[in-house]
Amino acid sequence: MKVAIFAGDGIGTEVMAEAVRVLESLRLPGLTLFEGDVGAIAYQRHGHPLPAETLDMARAADAILFGAVGDPSCDNLDRHLRPEQAVLGLRSELGLFANLRPANVFPGLEDASALKPEVARAIDLLIVRELNGDVYFGDKGMRETPGGEREGWDMMSYSESEVRRIAHTAFRAAQGRKGRLCSVDKANVLETSQLWRDVVCEVAGEYPDVELSHMYVDNAAMQLVRNPGQFDVVVTGNLFGDILSDQASMCVGSIGLLASASLGERMTAHGTFGLYEPIHGSAPDIAGQGIANPMATILSAAMMLRHSFGREEDAARIEAAVAKAVADGVLGADLGGTASTKEIGDAVVERL
Ligand code: IPM
Ligand code: MG
5 MKVAIFAGDG
15 IGTEVMAEAV
25 RVLESLRLPG
35 LTLFEGDVGA
45 IAYQRHGHPL
55 PAETLDMARA
65 ADAILFGAVG
75 DPSCDNLDRH
85 LRPEQAVLGL
95 RSELGLFANL
105 RPANVFPGLE
115 DASALKPEVA
125 RAIDLLIVRE
135 LNGDVYFGDK
145 GMRETPGGER
155 EGWDMMSYSE
165 SEVRRIAHTA
175 FRAAQGRKGR
185 LCSVDKANVL
195 ETSQLWRDVV
205 CEVAGEYPDV
215 ELSHMYVDNA
225 AMQLVRNPGQ
235 FDVVVTGNLF
245 GDILSDQASM
255 CVGSIGLLAS
265 ASLGERMTAH
275 GTFGLYEPIH
285 GSAPDIAGQG
295 IANPMATILS
305 AAMMLRHSFG
315 REEDAARIEA
325 AVAKAVADGV
335 LGADLGGTAS
345 TKEIGDAVVE
355 RL
C-alpha cells in the first residue's frame, strides 16, 4: 500500500497533516507514505506545478492522497504554470475519469446546513462527475473579434466512449445504493449534452434494475436546494459536476466535510488506483491559522482505504470516528465551533 502524499498549498498542508496522523494511527501493515510537491509550492521549488518527479511518484504509487492547490500569487502566470494544473494534470495523465463525491448529512449537523434542517436531514447522495473531458480539457484561447474586441473561448465536447464509461460507473454505483440514477445535462441547448443524454440512455439498457431519470442542470441546481432527498446517484459532466458538488457541500453544512475519489481503470492488488482529495480548495484567506477543517481530507483517506486497498472495515471505522467527533460537538469555525485543525485531528484519532 504505497501512498503518495501531495499536500499542496494553503490549508492543503494543514489538513493533510491530520489525515496522515489518522492513517498512521491505524498501524496498517504494509502502508508506506511518501511525499511530493504539487501546486504553487512545486512551481516555486521546481518551476512547474506538476514536476516530472511528482508525476513519476504518482505512477509508482497505489493511491494518491491530495490536499489542495492554488495561490493568489500565481494568478498572473501562464495557465499551464498555474497550481490548478497539478490536479488537472494528474487527473488526465493518470486517466482518472470517474470522480465520486458523496454528500450526506451527519446526524447532529442538520442545523449547520444552509437548508432547513428537515430538508437537509434527507440528503444522502453521490455525485459521479466525469473528470477527463468537457470544456475543462478542450482547446481554449484568446482571440480578437473582427470588431477588435478581445474574446476568450473554450471548446466543450464529449465523445461517445467518454460518456459511456462514466455512465457505466454511475449505473454500477446506483446498483450498490438505492438503484436510482439522475443524469444531469443541458440537452435543451448544448449538442455535447444531447450526445451525453443519448449515450446514457443506450447504456441504461444494460441496467434494467436501475431507475434512470434526466434533469437539466439549472433545474438540478434548484432541486438540490428544494428537495435534495430525491437524489440517490447523480451523474454529470466535468463542469456541471464541479459546480453542483460545491453546492451540495453547503446543503450538507460545510465544504470542509466533503471527500472525493477519482478513479480510472488501473487496478491495484486490492482495488482501483485512485486519487483522493477533499473537494475544497487551498483557502488562502484562512491558511496558516490552523483553523481549517481536516474532516474532508480524513474522509478522503477513508475512501482510499475502501477503493484502492479493499479495507472497508478500516474505512468505516474512520467514517464512524469522524461522525462521532461531529456528534460530540468537535466542530471547527466552518461549522460554528472553535476546534482547531489539530484538535479535530486529535478528536478523530482518540475516537478511533
Ligand atoms: C475541484 C476543484 C478543481 C476543479 C480546480 C482546483 C481545478 O474546483 O476539484 O472541484 O475545478 O475540478
Ligand atoms: Mg470544484
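Every number in the numbering used here is 4 more than the matching position in the sequence shown, counting from 1.
Beta carbons are placed, not taken as given, at the ideal position from N, Cα and C, and that holds for glycine.
Remember, it's a predicted structure, so these values are computed and weren't measured experimentally.
- DSSP places P121 in the uninterrupted alpha helix (DSSP H) bounded by P121 to A124.
- Counting C-beta pairs closer than 8 Å gives three or more between the stretch 335-354 and the stretch 257-266, which meets the contact rule.
- Taking non-hydrogen atoms of ligand 2 into account, the C-beta of I283 is found less than 7 Å away from one of them.
- Here S266 is buried, its C-beta having at least 16 other C-beta atoms within 10 Å.
- DSSP, reduced to helix, strand and coil, places H274 outside both helices and strands of the structure shown, so it counts as coil.
- G275 is classed as buried because its beta carbon has at least 16 other beta carbons within 10 Å across all chains shown.
- If you compare the alpha carbons of G268, G294 and T149 with that of L135, the shortest gap goes to G268.
- Counting only runs of at least 3 residues, the stretch 152-212 fully encloses the following beta strand (DSSP E) elements, listed from N- to C-terminal order: 154-158 and 184-189.
- A distance criterion of 7 Å places the beta-carbon of E88 in contact range of ligand 1, judged by its closest non-hydrogen atom.
- Under the 10 Å beta carbon count, T149 is surrounded by fewer than 16 other beta carbons and is classified as exposed.
- I127: not part of any beta strand (DSSP E); DSSP gives it neither H nor E.
- Closest by C-alpha distance to V239, out of I283, G209 and T173, is T173.
- Going by C-alpha positions, R147 is about 50 Å away from E122.
- When the beta-carbon positions are compared, S264 and S312 stay at least 8 Å from each other.
- Restricting attention to G183, K190 and W200, the CA atom closest to the CA of S165 is found in W200.
- For R147, the three-state secondary structure derived from DSSP is strand.
- Taking C-beta separations shorter than 6 Å and ignoring five residues to either side along the sequence, the partners of M61 in its chain run A8 and G40, following chain order.
- Counting the other CB atoms within 10 Å of its CB gives F38 a total below 16, which places it among the exposed residues.
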